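*Asks:* Heads up: the sequence shown begins at 1 in full-length UniProt numbering, then just goes up one per residue.
A virtual CB, placed ideally from N, CA and C, is assigned to each residue, including glycine.
Everything numeric in this text was worked out from a predicted model, so none of it was measured.
One structure follows; several queries about it will come next.
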Amino acid sequence: MEVNVKLFGDLREGRFEEKTTQLEENSRVIDVIKKHNLPLEDVAICMVNSHQAEFGQILLNHDTVAFSPPVGGM
């Protein structure tokens, strides 16, 4: 299956902003994180189709998965 992956903030450094990736059927959000070698501790926000998601959520063909690092500062 095919999913669109978007990275925000520091997660983009040395990687990509947005790309389409191939996954096995019944893949989960955590599988996308592993496939793209994202440090788990750097993924603070995870969205699937603009809705907050857990790492164990099963993905469907053509889903959009977005990852963001912790955001902070004053």
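Among the candidates I33, V71, T64, V3, whose CA atom is the shortest distance from the CA of residue 79?
*Replies:* In this structure the chain extends from 1 to 74, so residue 79 is not present and cannot be described.
*Asks:* Who are the near neighbours of L60 in its chain, counting only those whose CB is closer than 6 Å to its CB and skipping five residues on each side?
*Replies:* Walking along the sequence shown from the start, residue 60 turns up at place 60. Nothing meets the Cβ criterion.
*Asks:* With a Cβ-Cβ cutoff of 8 Å, do residue 138 and L23 count as a contact?
*Replies:* A question about residue 138 goes unanswered here, because the residues of the chain that appear run from 1 up to 74.
*Asks:* Of the choices V29, V3, T20, whose alpha-carbon is the least far from that of V43?
*Replies:* Position 43 of the sequence shown, counted from the start, is the residue given in the question as residue 43. The residue with the shortest Cα to Cα distance from V43 is V29.
*Asks:* State the start and end residues of the unbroken beta strand (DSSP E) segment that holds V3.
*Replies:* Sequence index remark: in the sequence shown, residue 3 carries index 3 (1-based). Run containing V3: 2-7, per the beta strand (DSSP E) assignment.
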